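Quick notes on the structure that follows.
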Amino acid sequence: MANTNLSNAKSAKNDEFYTQFYDIEKEINAYLDYDPNVFAGKTILCPCDDPYESNFFKYFALCFQELKLKKLIATCYKGSPIANKQLSLFDDESAENKTTRNPHKIEITEIPDLNQDGVVNLYDVQLLLASDRNHLTRLQEDGDFRSEEVTKLRDEADMIVTNPPFSLFREFLTWITEANKEFLIIGNMNAITYKEVFPLIKENKMWMGATIHSGDREFAVPDDYPLYAAGYRIDEKGKKYIRIKGVRWFTNLDHGRRHRQLPLMTMAKNLRYNNKMKGKQSYDKYDNYDAIEVPATDTIPSDYEGIMGVPISFLDKYCPEQFQIVGLGNSRDNFTPNKDYINPKKVLKDGSIHNGGAINCVLAIETEKKPIGEIYYTSENSKFLLPPYARILIKKS
Ligand SMILES: C[S@@+](CC[C@H](N)C(=O)[O-])C[C@H]1O[C@@H](n2cnc3c(N)ncnc32)[C@H](O)[C@@H]1O
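Numbering (this note's numbering), first residue to last: 505 to 901.
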């Protein structure tokens, strides 16, 4: 396995990996470029963030004045195993000075230049916490974002910014959206296929962030994090990092990239010049839904007025002025097929035959020729059927 991925993290319930400072800074800069006052006067809550380990807290504390924040709140969950161990807020801080693993929160409404060195930085935050104990307090409950205590802080906040536990992503998103908050959070690209998540994308209540579009990202992990994957690194200070695939920012904050239209070619030109359409005389049509199959985002034709099925990575380039999202071809919650296959069978690569009911819930491409080396379906009212990978259904705006 070349990389650790989010589903591993999910199944292992090992949610302890920490976002790097520069990934946060780069993303936030995109929102500031679009609207320099996007954070001005706002209360930001980082609800899965031990302030002593989280770069989200570190970033907002450092930029508190520059962003003109009203208040910054960070809360730490009881399960966080590395508080009091490593990845400290202050790299040179001794272990005794750090918090214990008890759930706690930090609330800050101003960061004065306490050491009077002419700049406000993390040393001023350190002095602030040391000089006024009111800023750092124990939570009465366990710091779970769903607790009454943290939910009250959510209600007070204007914006939630964090990398939440991936195993609780759906619940976390619901927790934010039920309170109508602005948000910027990290999750797995696959989350968009969840039935709680996709409607938000479809209704333009949530979209992908500005800076992570492909490949993987590096996250810091505790010393005892199980490293199954080849994709890890230990730096010169002995800190461990893993690379995680499929990571994306999810947000309802606007940014410029979202309004940049994709340059497109006509159908005829794609068929003629685009390598990804090589060997095709025309775009495939689904057998059970009135739409064409578009195998890659850069093969979307400029001159097709109907519905098109495109890979979910299209969302990285989605511009609502150019396209509208009409469905998702992965379940009947998200699209309605116009045909039901009778007595469908699934044929595995080894030729074994199984119940194929799943084909009635996804898009299907019919083919005359028996597929070789591929899983396919058959039924009493079709020839051979191939389901494409997860597809978003779109049409021109
Ligand atoms: C993926 S880590 C990210 C940590 C931090 N937000 C960051 O990006 O560096 C998710 C964090 O959520 C915490 N967590 C797990 N379950 C939680 C819950 N129910 N409520 C709040 N936080 C939780 C974990 O302890 C972990 O530190």
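Even for Gly, the Cβ is constructed at its ideal location relative to N, Cα and C.
A quick note: this is a predicted structure, and the numbers were derived from the prediction, not measured.
Roughly how many angstroms separate the alpha carbons of residue i and residue j, rounded to a whole number?
{"i": "N779", "j": "P616", "result": "58 Å"}
{"i": "S651", "j": "I690", "result": "21 Å"}
{"i": "K843", "j": "K749", "result": "36 Å"}
{"i": "T770", "j": "E675", "result": "42 Å"}
{"i": "R776", "j": "K782", "result": "8 Å"}
{"i": "D519", "j": "K849", "result": "38 Å"}
{"i": "D788", "j": "K873", "result": "14 Å"}
{"i": "F649", "j": "S901", "result": "38 Å"}
{"i": "L640", "j": "L632", "result": "10 Å"}
{"i": "L766", "j": "Y822", "result": "8 Å"}
{"i": "S883", "j": "I857", "result": "12 Å"}
{"i": "D820", "j": "H717", "result": "6 Å"}
{"i": "D807", "j": "Y736", "result": "45 Å"}
{"i": "K887", "j": "E700", "result": "34 Å"}
{"i": "T523", "j": "Q620", "result": "30 Å"}
{"i": "N694", "j": "Q644", "result": "35 Å"}
{"i": "F729", "j": "N774", "result": "Checking the sequence shown, residue 729 turns out to be Tyr, not Phe. Cα to Cα, the separation comes out at about 47 Å."}
{"i": "D659", "j": "D720", "result": "33 Å"}
{"i": "D739", "j": "S671", "result": "27 Å"}
{"i": "K609", "j": "I680", "result": "19 Å"}
{"i": "W711", "j": "F561", "result": "23 Å"}
{"i": "V798", "j": "E682", "result": "35 Å"}
{"i": "R747", "j": "D727", "result": "15 Å"}
{"i": "E653", "j": "D636", "result": "22 Å"}
{"i": "P669", "j": "P875", "result": "40 Å"}
{"i": "L889", "j": "G855", "result": "15 Å"}
{"i": "G877", "j": "K582", "result": "49 Å"}
{"i": "F827", "j": "L704", "result": "16 Å"}
{"i": "Q630", "j": "S835", "result": "51 Å"}
Please say whether residue j and residue i have beta carbons closer to each other than 8 Å?
{"i": "F818", "j": "I696", "result": "no"}
{"i": "Y563", "j": "E529", "result": "yes"}
{"i": "P841", "j": "N859", "result": "no"}
{"i": "K853", "j": "I879", "result": "yes"}
{"i": "F521", "j": "F673", "result": "no"}
{"i": "C580", "j": "G647", "result": "yes"}
{"i": "K935", "j": "I612", "result": "Outside the displayed span of the chain (505 to 901) sits residue 935, for which this structure offers no information."}
{"i": "A578", "j": "R761", "result": "no"}
{"i": "M663", "j": "I811", "result": "no"}
{"i": "E825", "j": "H763", "result": "yes"}
{"i": "A565", "j": "L618", "result": "no"}
{"i": "E816", "j": "I896", "result": "The amino acid at residue 816 is misidentified as Glu; the sequence shows Ile. A contact, by the Cβ cut-off of 8 Å."}
{"i": "T715", "j": "E531", "result": "yes"}
{"i": "F702", "j": "N838", "result": "yes"}
{"i": "I829", "j": "K709", "result": "no"}
Buried or exposed: which applies to residue i, given that a residue is buried once 16 or more other Cβ atoms fall within 10 Å of its Cβ?
{"i": "A661", "result": "buried"}
{"i": "E861", "result": "Looking at the sequence itself, residue 861 is Gly, so the reference to Glu does not match. Exposed, since its Cβ has fewer than 16 Cβ neighbours within 10 Å."}
{"i": "T801", "result": "buried"}
{"i": "A894", "result": "buried"}
{"i": "D794", "result": "exposed"}
{"i": "T904", "result": "Nothing about residue 904 can be reported from this structure: the residues present for the chain run from 505 to 901 only."}
{"i": "D539", "result": "exposed"}
{"i": "A634", "result": "exposed"}
{"i": "F792", "result": "According to the sequence shown, residue 792 is Asn rather than Phe. N792 comes out buried."}
{"i": "G833", "result": "buried"}
{"i": "P902", "result": "What the structure shows of the chain is the stretch from 505 to 901, and residue 902 is not part of that stretch, so it cannot be assessed."}
{"i": "P607", "result": "buried"}
{"i": "G545", "result": "exposed"}
{"i": "I905", "result": "Summary: the structure shown does not reach residue 905, with the chain confined to residues 505 through 901, and so no result is reported for it."}
{"i": "N684", "result": "exposed"}
{"i": "T508", "result": "Caution applies to T508, whose pLDDT of 47 falls short of 50 and renders its modelled position unreliable; the value that the coordinates give is listed next. Classification for T508: buried."}
{"i": "S786", "result": "exposed"}
{"i": "E557", "result": "buried"}
{"i": "N692", "result": "buried"}
{"i": "D537", "result": "exposed"}
Could you tell me how far apart the beta carbons of residue i and residue j are, in whole angstroms, since I believe they sit closer than 8 Å?
{"i": "V851", "j": "P891", "result": "13 Å between Cβ atoms; not a contact."}
{"i": "E553", "j": "T666", "result": "According to the sequence shown, residue 553 is Asp rather than Glu. Correct: roughly 6 Å between the Cβ atoms."}
{"i": "R752", "j": "G713", "result": "7 Å"}
{"i": "K741", "j": "L731", "result": "K741 to L731, Cβ: 17 Å. No contact."}
{"i": "I804", "j": "L757", "result": "With 8 Å as the limit, I804 and L757 do not qualify as a contact, their Cβ atoms being about 26 Å apart."}
{"i": "L573", "j": "F543", "result": "6 Å"}
- Query: Could you give the uninterrupted runs of the beta strand (DSSP E) lying entirely in the segment 771-849, keeping only those of 3 residues or more?
  - Reply: 795-797, 811-815 and 827-832
- Task: Taking only runs that begin and end inside the segment 608-653, name each unbroken beta strand (DSSP E) of 3 or more residues, in chain order.
- Result: 608-612 and 640-642
- Query: Which ranges would you report for the alpha helix (DSSP H) in the segment 672-699 if only whole runs of at least 4 residues count?
  - Reply: 673-681
- Query: Fully enclosed by the segment 858-892, which beta strand (DSSP E) runs are 3 residues long or longer?
  - Reply: 869-871, 880-883 and 886-890
- Enumerate, from N- to C-terminal direction, the unbroken alpha helix (DSSP H) stretches of 4 or more residues contained entirely within the segment 701-741. 702-706
- Segments assigned beta strand (DSSP E), at least 3 residues, entirely inside the segment 522-564: 547-550
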